[in-house]
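Numbering (this note's numbering), first residue to last: 17 to 231.
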C-alpha cells in the first residue's frame, strides 16, 4: 500500500513540476513576443517617415542682378534677369523626430514629444524673362543652377508669413490619430496625454440675449 502511495505521490509531483516548467516557458515566450511586437510597432511608426498635411502654391516674381567690375574697377558689366517662380510647397511632420517608448506590460505606446511642422519639399518651376547680359558678364550654365537655388530660397523665406505652418499645426491631431489607428490595428493602445494638443475645438461663446422692454 505504501508503495502505491509513493508512486501516486511521485506522479503528482511530476505533474506539478511539469506544469510549473511549462507555465514559466510560456510566460517567458509571451514576454519575448510582446517585446518583439513593441519594437516592430515603433519601427512601423518611424518608417512612415514624413507625413504631408498641408500643400500650398506660390507665385512670385524675383529680380536677379549681378554687376562685375573689370580693369581695376574702371569698367563694370551687368547682367540681369526677371524670374517668374511658381512653386508647390509641402508642409508636414517628420515622424522620425517623434519621441516615444513602449510599455510592453500594458501594451501601450507612449508619445512624449511630437515634432513641429516643417517644410518637407519645395518644387519650383522657374521661367526666365528679360534676360540681359553685359559685354564681359554673361550667363553661364552654372548661373542657371544658382538662380534655381536662389528661387527656391526666395520661396522658403515667404513660407512663414503664408500661414502654412500654422495650418499644419492644426492637423497635428489628425497625425496622432493616424498613428493611433496603426497601433490599435495590432491590439495595442496609444497614450498621448503628455502632448499639448487641443482635442476639442473651442466652442464659440454664446451671445447674450437681449430682452425686449415690455410696455
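All C-beta atoms in this analysis are idealised placements derived from N, C-alpha and C, irrespective of residue type, glycine included.
- Across the structure, residue 159 and residue 96 are spaced so that their CA atoms are roughly 11 Å apart.
- Listed in chain order, the non-local C-beta contacts of residue 94 below 8 Å within the same chain comprise 81, 82, 83, 84, 148, 150, 153, local neighbours out to five positions each way being set aside.
- The criterion of a C-beta distance shorter than 8 Å is satisfied by residue 191 and residue 109.
- Listed as beta-bridge partners of residue 110 by DSSP are 66.
- Residue nearest to residue 174 within the set 102, 98, 67 is 102 (criterion: CA-CA distance).
- Of the candidates 209, 211, 129, 129 places its Cα closest to the Cα of residue 112.
- Of the other Cβ atoms in all chains shown, fewer than 16 fall within 10 Å of the Cβ of residue 162; this residue is therefore exposed.
- Secondary structure of residue 96 (DSSP, three-state): strand.
- Counting every other CB atom within 10 Å of its CB across the protein chains shown gives residue 125 a total of 16 or more, marking it as buried.
- When the alpha-carbon of residue 187 is set against those of 201, 58, 67, the nearest one is in 67.
- Sorting 92, 107, 79, 100 by C-alpha distance to the C-alpha of residue 69 places 107 at the top.
- Assigned with DSSP and collapsed to three states, residue 202 falls in coil, not helix or strand.
- Going by C-alpha positions, residue 104 is about 12 Å away from residue 76.
- As computed with DSSP, residue 172 is found in no beta bridge at all.
- A Cβ-Cβ distance of about 39 Å is found for the pair residue 172 and residue 202, leaving them out of contact under the 8 Å criterion.
- Per DSSP, reduced to three states, the secondary structure at residue 188 is helical.
- Restricting attention to 176, 207, 131, the CA atom closest to the CA of residue 119 is found in 207.
- Measuring C-alpha to C-alpha distances from residue 132 to each of 143, 114, 122 identifies 114 as the nearest.
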